[in-house]
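Novice:
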Amino acid sequence: MPNNISFKLKPIIKRLKERLRSKLYITGYADIVGDEYYNQKLSERRAVAVYNSMRDNLLDVSDSRIR
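Going by UniProt numbering, 50 is the number at position 50 of the sequence shown; the sequence numbering is gapless.
1) Just to confirm, is the Cβ distance from Tyr29 to Arg15 under 8 Å?
2) Which class does Arg55 belong to by DSSP, given the choice of helix, strand or coil?
3) Kindly indicate which three-state DSSP category Ile13 falls into: helix, strand or coil?
4) Would you call Val50 buried or exposed, if buried means 16 or more other Cβ atoms sit within 10 Å of its Cβ?
5) Can you tell me which of the three DSSP states Arg19 falls into?
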């Protein structure tokens, strides 16, 4: 994940740690450039990257949903 994205996630992770019972829905997005299959896989990879970053920062994401 690019450093500028990780930097933007830090305040979100901090807030979520303060709210221990929060549910999190992570949705990945892509633009319309490229075919549908490629964009679907790209958006999934982006969502998983955010999920992994949050997990790696010791955030309990076991109840999270990735879309």
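Every residue gets a Cβ at the ideal spot worked out from N, C-alpha and C, and that includes glycine. No experiment lies behind these values; they were computed from the predicted model shown.
Specialist: According to the structure shown:
1) Here residue 29 refers to the residue found at position 29 of the sequence shown. Here residue 15 refers to the residue found at position 15 of the sequence shown. The criterion of a C-beta distance shorter than 8 Å is not satisfied by Tyr29 and Arg15.
2) For the purposes of this step, residue 55 is identified with residue 55 of the sequence shown, where counting begins at 1. Secondary structure at Arg55: helix, using DSSP grouped into helix, strand and coil.
3) Residue 13 sits at position 13 when you count from the first residue of the sequence shown. Judged by DSSP in its simplified three-state form, Ile13 adopts helix.
4) Indexing the sequence shown from 1 puts residue 50 at position 50. Residue burial annotation: Val50 is buried, with at least 16 other C-beta atoms found within 10 angstroms of its C-beta.
5) Residue 19 sits at position 19 when you count from the first residue of the sequence shown. Three-state DSSP puts Arg19 in coil, outside helix and strand.
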